[in-house]
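First up is the structure itself, then whatever we jot down about it.
In full-length UniProt numbering, the protein residues as written are 1 to 968.
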């Protein structure tokens, strides 16, 4: 019977699946384990007891919630809680919270103190009572029946803008208190409203901001004196002539900081986001993209993301024409048929807000009148013009007609117009347009080319009364700054006597006629909205619109709201918007986008792609772009996590995690399976992921059944290992199912020393469903001081400071009825049940720090021993482990044995001796344990099971079993 000593020197391969029980031939076999629960693989190789989680708060109304990180500065990060219709804020820095935060529990929901002022009739349910109204000519300010205020700027007869304003003077009840306005606005994409807050006594402005439609929390800046004036004037003032509605306004406080969002509970999982500085962009296929903007500690706005001048569906290919009844302002567009519009259905209600490209401009639909008729607003172009066809007041220039080509009189169809002021291109004229000339009816203008009168047609657009259309419309062949060349058939004949003089008074107007050259906007309620987004090469990219699921659209460079894909002369420049459709055999919906140094990574239902410049020496542009499929596994709709330049993404079935990495030897991407050795850990599928870089480089994943997984990932060190984590408590009232994790996200700690892992955890507490927001505790720094060591879940640090001894401690209302572990100044205390938010202590205390939370057990079990036998392998042979030495690092307690059912304490020499007081902490042990006489007998498997059942630190560096193997 050979005797052998085996060495488990590290655990960097993590937990392996049961189907690898026989793969003792693999090089990583010695570094793998059968079970790793509530242990984390350290990059150096040990397995360390997972820190506990700290309780932060309850989700809104205990609803399903998703966590979203917000990283603004190195020392300023927030965690956002997205639930049905609302977004709340959590901080890890007490300086960001307006209310005092317990220094022993520094994580907190941002709650507001009471408001220091109150507005009267802020919902306008009582009309304009309490508000002072000032209206200039043409401006409107009127209460809406049922609540709300409608505001509209006007114009004078000379065309100058006029203003409508409403104001109210309020008393500040607390000159140093919270002055936070909550404003809800409704309107179109171009609607704006100015908010100004002033000292009512001297008129000094404290704040002025121009607001877009949306929800706004606006903290009024405190004056330099540190005191708000006793009277504040709140003023709303129109900006421009677009209607805007103030749905409500008031000072807010005495509740959590919160902004509304439109997502329903069933939609939360498919919401995607990307952050740029102080703005977060949100997408969901059923909702217009949204912007969350940060303006200050408590000042936040939620606004619709409005794309400018695109993106569009492919241009119309049907015979249907569109005709606008005007070239500026609010216009009506009529379609000749429904063919080519929404699959032959014509215009639909969901098209309101959608763009139309028509003639030389763009219209945003305001109202669908019927299936062939819409009204809409003409949009502003990049050059500042706001029109569907160009317009030129000839009194501003020096224009004349010329018959033929002065340099070649034998060219009969090269008649032209000259402009010595060089404004033709500036005004927007280009080849292919039809123009009409409008001249004064009185006095008689030069005779028209065709010899007819000068009153044909009606004046349109900005052409004033007293002018008529001069001759037929003429088609332009080409245009330069100073010359318009007319096309064939648009001859200009000289007057009977003399020649054409300069046209000092008149107008050139682009002709509006029914056209088949049009396109509808890509995004709308009818077609859907993008489901994913990311930044790449200073462009904002969107993808996954339901109507064109394989289409990717990138904004103009540096202009994240502009999707114009050409200039007014139809020239495509390198910085113009990019539109690209993936070419695949089947329709593959784009599910995620991620930026990398090798290109834009794209995950679809049928495969993974990379989009990058076709010429790598130039930046990506409309003419320098190519997309190639790198693998055909298909992705799940869960955004990947980027680790360095590697994308860790989920395969379509959500059970395989793959590593999308560029391989130089292959000059391309490969996507190996990261779960092939541990296929069992993802058995119910993964629904969410978050990467924690420090201290241990761990990808955290939430399974569909609520289990929390960790994957320690350091590719360059060949550290790739899975570990699973079971949180204390139970999800069901029967106490059978473990607590269920529903969301995970990561932000850096305040000092940047580690990454905080935030969780939403579902439990049944005292018979009621609860969803806790919790933070995986700070890694224990080591040493002999265990006062701050938290190794239980949903825990809190409780400080007792009393002149008289007390035998109870409170602050555990969130764990009512639960049995909790207790650590008092680092010393173990028997578990207690929470009653009325308190627990009774075994011994009175006067000054102590208590760590209290839900107990859990950490387990580590090796694979079957393979120490060899006289005739080869030890697998399948009877063996007996006789002794085991555990090499430990800063460990207190621990049990070991052949299974979870047969365990003895690990003999640690200085863990506790007879002279150690029971109410004093045990000194953590570092080194080799005494040789443990193994409690097991003869068997064929040969597992070593280590367990930490105490809320104390434990790190297993290595395991050294001594085994006797029989040759049968």
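For every residue, glycine included, the Cβ atom is placed at its ideal position computed from N, Cα and C.
Beta carbon of residue i nearer than 8 Å to that of residue j
i	j	result
residue 319	residue 351	no
residue 54	residue 40	no
residue 140	residue 128	no
residue 77	residue 747	yes
residue 392	residue 508	yes
residue 945	residue 907	no
residue 106	residue 98	no
residue 798	residue 850	yes
residue 242	residue 187	yes
residue 690	residue 952	no
residue 521	residue 354	yes
residue 779	residue 754	yes
residue 671	residue 608	yes
residue 819	residue 14	no
residue 168	residue 136	no
Cα-Cα separation, residue i to residue j
i	j	result
residue 30	residue 904	24 Å
residue 19	residue 738	25 Å
residue 583	residue 552	12 Å
residue 287	residue 701	27 Å
residue 389	residue 263	40 Å
residue 796	residue 920	20 Å
residue 111	residue 293	19 Å
residue 699	residue 163	55 Å
residue 448	residue 483	Summary for residue 448: the model assigns pLDDT 46, below 50, so the residue's position carries little reliability; its value from the coordinates is reported in the next sentence. About 20 Å.
residue 939	residue 879	5 Å
residue 547	residue 758	36 Å
residue 969	residue 64	Limits of the chain in this structure are 1 at one end and 968 at the other, which puts residue 969 out of reach.
residue 23	residue 92	45 Å
residue 621	residue 118	53 Å
residue 371	residue 358	18 Å
residue 832	residue 965	46 Å
residue 290	residue 282	5 Å
Reduced DSSP category for residue i - H, G, I as helix; E, B as strand; rest coil
i	result
residue 716	helix
residue 865	coil
residue 266	helix
residue 18	helix
residue 345	coil
residue 94	helix
residue 620	coil
residue 766	coil
residue 354	coil
residue 970	No answer is possible for residue 970: the residues shown for the chain start at 1 and end at 968.
residue 944	coil
residue 30	helix
residue 572	coil
residue 24	coil
residue 906	coil
residue 495	Residue placement at residue 495 is poorly supported in this model, since its pLDDT is 48, which falls under 50; the coordinates still yield a value, given next. DSSP places residue 495 in coil when its eight states are reduced to three.
Host beta strand (DSSP E) of residue i (start-end)
i	result
residue 550	548-554
residue 302	300-304
residue 49	47-49
residue 393	391-393
residue 831	827-833
residue 323	322-324
residue 687	686-692
residue 483	483-486
residue 879	879-891
residue 233	231-239
Closer than 8 Å to chain B by CB, residue i
i	result
residue 335	Judged by its chain identifiers, the structure shown contains no chain B, having just a single protein chain.
Three or more C-beta pairs closer than 8 Å, one from the stretch 680-697 and one from the stretch 643-651: is that the case here? Taking a contact to require three or more Cβ pairs closer than 8 Å, the stretch 680-697 and the stretch 643-651 qualify as touching.
Do the stretch 183-196 and the stretch 233-241 touch if we need at least three Cβ pairs shorter than 8 Å? With a cut-off of 8 Å, the stretch 233-241 and the stretch 183-196 count as touching, because enough Cβ pairs lie within range.
Does the stretch 926-934 come into contact with the stretch 858-867, if we say contact requires no fewer than three beta-carbon pairs (one atom in each stretch) closer than 8 Å? The stretch 926-934 is not in contact with the stretch 858-867.
Does the stretch 946-958 touch the stretch 4-18, meaning 3 or more C-beta pairs lie closer than 8 Å? For the pair of segments examined, the stretch 4-18 was found to touch the stretch 946-958: the number of CB pairs separated by less than 8 Å reaches three.
The stretch 256-272 in contact with the stretch 218-234 per 3-pair CB rule at 8 Å: With a cut-off of 8 Å, the stretch 218-234 and the stretch 256-272 do not count as touching, because too few Cβ pairs lie within range.
Could you say if the stretch 525-534 and the stretch 321-337 meet the contact criterion of at least three C-beta pairs nearer than 8 Å? Output reads no: the stretch 321-337 does not touch the stretch 525-534.
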